[in-house]
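Taking it in order: structure first as structure tokens, then the write-up.
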Amino acid sequence: MMIPCLHCGEKYDPENLPNDAAVQAGRILAEERYNDAGKVCANCLASRGRLAMMYDPDCY
């Protein structure tokens with residue numbers, strides 16, 4: 008089922024996300040911090056994950 012991303016509007020399948028470290032970090036943040044799990048596409052999750060891994064002291 009394709010749904011629009013909460014942030015960018017791109018349609019994506021929430022059940023078919025890549026197994027990438029940045030995407031996984033973004034998924035954890037979506038679940039634990041932002042409460043938007045299942046509503047954000049892989050590109051937005053990866054961006055969130057990369058930024059958190061680089062700049063958020065709670066993530067490393």
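With the numbering used here applied, the sequence shown covers 8 to 67.
Beta carbons: idealized from backbone N, C-alpha and C, even for Gly.
What does the alpha-carbon distance come out to for the pair LEU58 and VAL47?
15 Å
Look at TYR37 and LEU52 and say whether their C-beta atoms are less than 8 Å apart.
It should be noted that the sequence gives Ala, not Tyr, for residue 37. Yes, these two residues count as a Cβ contact at 8 Å.
DSSP state of PRO21, grouped into three classes?
coil
If MET60 sits next to ALA32, beta carbons under 8 Å apart, how far is it from one beta carbon to the other, in whole angstroms?
6 Å
In angstroms, rounded to a whole number, what distance separates the CA positions of ASP20 and ASP65?
29 Å
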